[in-house]
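Residue numbers (the working numbering), protein chains in the order written: chain F, 1 to 226; chain G, 227 to 514; chain H, 515 to 803; chain A, 804 to 1013. Note that CB positions come from ideal geometry on N, CA and C, so glycine has one too. Notes follow the structure.
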């Protein structure tokens, strides 16, 4: 498996430099705008999986390199596993980089300590696995152009919901309640006190989500003809 | 006779094209040429052996083993050269090779470097800077450096100039000296085939029309040019296709010797080149 | 009738490659094949005729008109076919027709539709979905429909199967016979050339080694085979390329009569060279070092 | 040359409906600050302008275009004309989305009148035309993909130089602003810049190796 990760890293090394650049800009932006801890955790858990799943797949699609990857002496199962492990190693590398960066430059020490709490790490783990569970299969199935169209569609949907929520004056329309329900669940997780049971729950749910991602992506990848 | 690749009634349906019950065998230690019109299924067939395209039904055995169960083991003994280059174009050649090398247990770095400078390929150059011919040479280098027993090539010679092609074929025949190696390559240039192939398989819109040795084809097959009425009067042994022309009728037969015995004196018989055979098999009207 | 193409002393320099003093003459009504190793300058030459790239010096005349001053008139009489025809993939075949027809004054619609019928081109299919061969037929139909007098093609037959190539080449010679058009096409498949080309031009490392009719080529050029003992300092003069084996040699000469006379005593064999031999000996044979 | 402009229109006529729709919708997401609304409008217009060279690059149709009876010069000129035309469309859409915003949100979040006004429109037009005029020579010299990589850096340097120019000459922008002189100066500067840019593009395109 190590040779697979080495292969993925070598093949996408130009992407890694861009990735490092983004991370620096991201952390400077967090520090400069002093975004609250929770908000930055949410952003981080969305940006990292998006970058890993989308950019590596985009390069593979651009150069039609999957014929090369699939012709190597391995089967498709290991290829998907390698892609998942590489994505996770990149996410953790970025996370650790973030910690170092905020340790060095962040003014308020509370920010760093909050990050190092096991609860926030596990929440980050769960959120990233959820985003990855959505993104990796989506990218394998629809490709990078699918992801871009998807993001633009989300943007347009967001604007339309915003417009509708504004115009319909009554407060309790379904859209607004739907938005509020999402925000509440995230708040519930963030505020919950870090009892061991809760932490284990977080860990196992993250593990379950990742297993689902692996199985579903492998199912989709196996069905593709190159 | 041991076979490197055995394909048994392989079937694959696409929207506009189906590969119908393809069965043929590639004997070990020989070169098999795969010819057929554009879109006849040559590339699909090669990709199915490499399990890049999944089969609907049928079985493929490589070195006697099923190509799905033992996928990794088989692929470590297969060298591949595709007509559309599939490498990351912005990487240097030595980077590409170093990423691929650990996958092959029998990777031989000295052989790789020897081949690279024999083909004058600079290791530090980026893949996209190479010309079409050099890209083909690089994939061949990779395919040959891990002592592959089976080499699959999809139109390796298209777009290369004749001198370069001769070099490539010379390199290939040099590999074939070692009895163990088998080569399957698809091409459009029949003169290359006549120069190097031992077996020829002709595929036409998803069906194998024939698969036999080159000398058998060039020896036994022939074209008869005769008057229009010949067809009605006699049935020609081994007749495959016929085509009406303004001078009379041209018949392709797979058994020229027997046919000659019953022909009227005014008819002319000629040897059939691969190109003529392809022309008749896809354009001529069928018989039997 | 003005010669279709006249190039004299054409020069163009790249970093690692030079096209120096190319001179070429192609009378109208004939097919000329352009062959040479990869990177010898075939594509550059075609691009210079179409003024796609800037030349250093030299003059190109098409139908007697200089291609710098009369660029648009010349181009309206040239049909260009690229090796890998690139059109707007998302346009349908009939849409590319209406795009092209707007640019050419003498566009002939019913000729286009009859050619589409003959080539069985699907009018409502997107170009990206067409196979390589069909795209080639489309560009040929587009070129012929604005009755181009000069068909300029860059490796039209690469990657096409032999059956298709034979039809395509027969279509070329048909086009020549009845309407006195001219064809210049570069190719790597020597059997195509031997079957259809009237003139053959061989270009190598930016220089034209020969440009003459096919019959003249096969009459005067000879493939000389013999034992090594025949070779010496002085005999190298006759040969354009020599390939020396352990005992015998194979050499190429541009004037087999002269060689026959010069080697009258010795046992050498002279026969008709194939284009492959000519190309091999010209590029790989050691010239009289 | 006009045929080539017609060609640009012909190959993008399929997008004539979706593109404006997205333009207006996306622009409305940047309503919470006038400056952001303005820059988003500029960038979306610029995106529309470079969409045609991107299509040409993606489908690699440069050689086929040059085999048509047109000269390289007419290709460059037609690119300028169609870009200016598209910028005009961009400005119209900019005004449409501005008025759409004010009718729906009734200036609840922030009033856009300062930006979506006559003089705001003039500045919008001038900036987006300037952007195109600066970008096209790069596009003809380096090809669209490299040009897009180099352009942000180029813009940073250009705006810095302009900024320093204004600072050092200690010209009080107020005096510059009385309309007739300002408009005339603006027009003079802009037309000379356009001519220079056209000249550079033609020269670069002629030398470009296809």
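By the C-beta density criterion, residue 447 of chain G is buried, having at least 16 other C-beta atoms within 10 angstroms.
Residue 437 of chain G sits in a strand when the DSSP states are folded into three classes.
By the Cβ neighbour-count rule, residue 938 of chain A is buried, with 16 or more other Cβ atoms within 10 Å of its own. By a beta-carbon distance limit of 8 Å, residue 439 of chain G contacts residue 425 of chain G. Their separation comes to about 6 Å. By the Cβ test, the segment 250-264 of chain G is in contact with the segment 402-417 of chain G, since at least three Cβ pairs between them sit closer than 8 Å.
If you draw a straight line from the Cα of residue 73 of chain F to the Cα of residue 95 of chain F, it comes to about 33 Å. Of all alpha-carbon atoms in G:290, G:365, G:512, G:329, the one lying nearest the alpha-carbon of residue 313 of chain G is that of G:365. Residues of the same chain with a CB within less than 8 Å of the CB of residue 790 of chain H, apart from the 5 flanking positions on each side, are 704 in chain order. Contact check between the segment 498-508 of chain G and the segment 415-435 of chain G: three or more CB pairs, one atom from each, fall below 8 Å, which counts as touching. Taking C-alpha positions only, residue 571 of chain H is separated from residue 523 of chain H by approximately 7 Å. Taken in chain order, the complete alpha helix (DSSP H) segments of 4 residues or longer contained in the segment 946-971 of chain A are 947-971.
If you look at residue 821 of chain A, you'll find it in the alpha helix (DSSP H) that goes 821-830.
Look at the segment 853-884 of chain A: the residues with a C-beta under 9 Å from a C-beta of chain H are 858, 859, 861, 862, 863, 864, 865, 866, 867, 869, 870, 871, 872, 873, 874, 875, 877.
At a cut-off of 7 Å, the C-beta of residue 634 of chain H has no neighbouring C-beta in chain G. Listed along chain A, the residues sitting closer than 8 Å to residue 159 of chain F by beta-carbon distance are 828, 829, 831, 832. If you draw a 10 Å sphere on the C-beta of residue 965 of chain A, you find fewer than 16 other C-beta atoms in it, and that means exposed.
Beyond the five residues adjoining it in sequence on each side, residue 1 of chain F comes within less than 8 Å, by CB distance, of 78, 81, 82, 85 in the same chain, given in chain order. Against chain A, the beta carbon of residue 96 of chain F has no neighbour under 7 Å; the closest one sits roughly 30 Å away. Shown here for residue 630 of chain H: same chain residues with a beta carbon closer than 7 Å to its own, the five before and five after excluded, namely 637, 655 in chain order. The beta carbon of residue 76 of chain F sits closer than 6 Å to those of 221, 222, all from its chain and outside the five residues before and after it, given in chain order. Taking the Cα positions, residue 680 of chain H is about 58 Å away from residue 130 of chain F.
In the three-state reduction of the DSSP assignment, residue 699 of chain H falls in the strand class, which pools E and B. Listed in chain order, the positions of the segment 664-698 of chain H with a beta carbon within less than 7 Å of a beta carbon of chain G are 672, 673, 674, 675, 676, 677, 678, 680. For residue 375 of chain G, there is no enclosing alpha helix (DSSP H), as DSSP marks it with neither H nor E. In this structure, the alpha-carbon of residue 453 of chain G lies about 47 Å from that of residue 359 of chain G.
Ranked by how close their Cα comes to the Cα of residue 16 of chain F, the residues F:201, F:31, F:93 have F:93 in first place. If you compare the alpha carbons of H:525, H:538, H:530 with that of residue 519 of chain H, the shortest gap goes to H:538.
When the five nearest sequence neighbours on each side are left out, the beta carbons in the same chain lying within less than 7 Å of the beta carbon of residue 534 of chain H are those of 525, 720, 721, in order along the chain. Taking C-beta separations shorter than 8 Å and ignoring five residues to either side along the sequence, the partners of residue 622 of chain H in its chain run 659, 660, 661, following chain order. Proximity of the segment 866-873 of chain A to the segment 591-606 of chain H meets the contact definition, three or more beta-carbon pairs being nearer than 8 Å. Ranking G:486, G:319, G:327, G:476 by CA distance to the CA of residue 510 of chain G puts G:476 first. Nearest C-alpha to residue 232 of chain G among G:242, G:288, G:280: G:288.
Across the structure, residue 797 of chain H and residue 764 of chain H are spaced so that their CA atoms are roughly 14 Å apart. Listed in chain order, the non-local C-beta contacts of residue 954 of chain A below 7 Å within the same chain comprise 938, 941, local neighbours out to five positions each way being set aside.
Counting only residues of its own chain and dropping the five nearest sequence neighbours on each side, residue 944 of chain A has a CB closer than 6 Å to the CB of 1007.
Excluding sequence positions up to five before and after residue 528 of chain H, its CB lies less than 7 Å from no other CB in the same chain.
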